[in-house]
Every structure is written in C-alpha cells, then in structure tokens.
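All residue numbers for the sequence shown refer to the numbering used here, where the first residue is 47 and numbers rise by one. Okay, structure first, notes after.
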Amino acid sequence: MKLEVVNRQKSYAIDEKRIVKLIKRVLKSENKDASLSIVVTDNKEIRRLNKAFLGHDYATDVLSFIYDASENHVAGEIIVSAEMAYKVAKEHCHDAEGEIALYLIHGLLHLIGYNDKKKGDAKVMHRREKELLSKLGYNISVPD
Numbered sequence: 047m048k049l050e051v052v053n054r055q056k057s058y059a060i061d062e063k064r065i066v067k068l069i070k071r072v073l074k075s076e077n078k079d080a081s082l083s084i085v086v087t088d089n090k091e092i093r094r095l096n097k098a099f100l101g102h103d104y105a106t107d108v109l110s111f112i113y114d115a116s117e118n119h120v121a122g123e124i125i126v127s128a129e130m131a132y133k134v135a136k137e138h139c140h141d142a143e144g145e146i147a148l149y150l151i152h153g154l155l156h157l158i159g160y161n162d163k164k165k166g167d168a169k170v171m172h173r174r175e176k177e178l179l180s181k182l183g184y185n186i187s188v189p190d
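Written out as structure tokens, the structure reads:
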C-alpha cells in the first residue's frame with residue numbers, strides 16, 4: 047500500500063496521519079490495496095480542477111481520479127476541499143474532521159467502483175458511506 051497526503055492549503059488544520067489511518071481502515075473494510083495520492087486544497091483550486099477536468103465551473107467537495115484498477119488494487123487520486131468541509135460542517139453543526147472523512151470515503155468508494163449517478167446506485171453508495179463513518183466513529187449526517 048502506498049499513500050501520499052499533500053496539504054496544499056494553509057487556512058485549516060489537517061491531520062495527515064489521521065487521513066492515512068482512515069484510508070487504510072476503509073481499504074481494509076473493502077478488501078482492497080491501493081496506491082493513492084490524497085490532496086487537501088481550497089475552494090479556488092478545486093474549482094479550477096473541477097472546471098478543467100469535468101467542465102463544471104464551481105467549487106466542489108471532492109474529486110477522484112482513477113489511474114488503474116484491478117480486482118484487489120486501485121491507483122488514483124482524491125482531492126478534497128478543506129475550505130468546503132469547514133463551511134459545510136459549520137452549517138450542519140458537526141466537526142470538519144468528520145466532513146473531511148466523508149469526502150475521503152466518498153472519493154475512495156468511487157475509485158473502488160461505487161457510483162452515484164443513478165438513484166439506486168447512489169442509495170447503495172450513501173448507505174456504505176454511513177456504515178463506514180459510523181464504524182470509524184464519526185457521527186455526521188449523510189444524505190440518502
């Protein structure tokens with residue numbers, strides 16, 4: 047397993063060791079190995095990336111890019127906006143660490159094959175996010 051965490055923003059405190067621990071626990075739960083780059087950034091940067099790669103001219107919470115995948119291994123990148131996480135967490139009265147955990151789990155589930163484009167698939171993915179958040183000790187609400 048190869049994990050790299052890069053913090054490209056300075057406004058919010060980020061615990062890189064907790065991010066690595068979270069990713070490892072999720073991968074273990076999903077019986078996957080991985081080579082991942084995790085990037086923590088701000089709204090300006092994630093908006094630029096969202097526009098460049100997906101054609102969406104707005105900031106988003108998380109982007110994930112798969113580079114390679116097999117049955118038991120995934121290689122890719124997950125980019126999360128700490129700025130968005132702190133904003134949303136404040137609006138929903140929970141901590142930003144839990145919100146970042148949700149973004150990381152969401153991005154990782156996409157990399158390992160979950161999809162949220164169709165209503166039924168989204169329901170399955172959101173249920174798994176809730177299960178993992180609970181298992182990891184985060185008590186935040188996730189939409190159905």
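Here a beta-carbon is modelled for each residue, glycine too, at the ideal position from N, C-alpha and C. Since we're looking at a predicted model, the values are computed, not measured.
query = Got a sec, what are the start and stop residues for the beta strand (DSSP E) Y113 sits in?
reply = Y113 -> beta strand (DSSP E) spans 108–115.
message = On the DSSP bridge list, what partners appear for R53?
response = With the sequence shown as reference, residue 53 is identified as Asn, and Arg is not the correct amino acid for it. Paired residue(s): V86.
Beta-carbon contacts of S83 that lie in its chain and below 6 Å, excluding the five residues immediately before and after = E50, E123
query = When the Cα of A105 is compared with those of K90, A98, I186, which residue comes out closest?
reply = K90
request  = Ignore the nearest five residues each way along the sequence and tell me which others in H152's own chain have a CB closer than 7 Å to its CB.
outcome  = Cβ neighbours of H152 beyond the five flanking positions: V108, E175.
request  = Less than 8 Å between the CB atoms is what I'm expecting for V86 and N53, so what's the real figure, rounded?
outcome  = 5 Å
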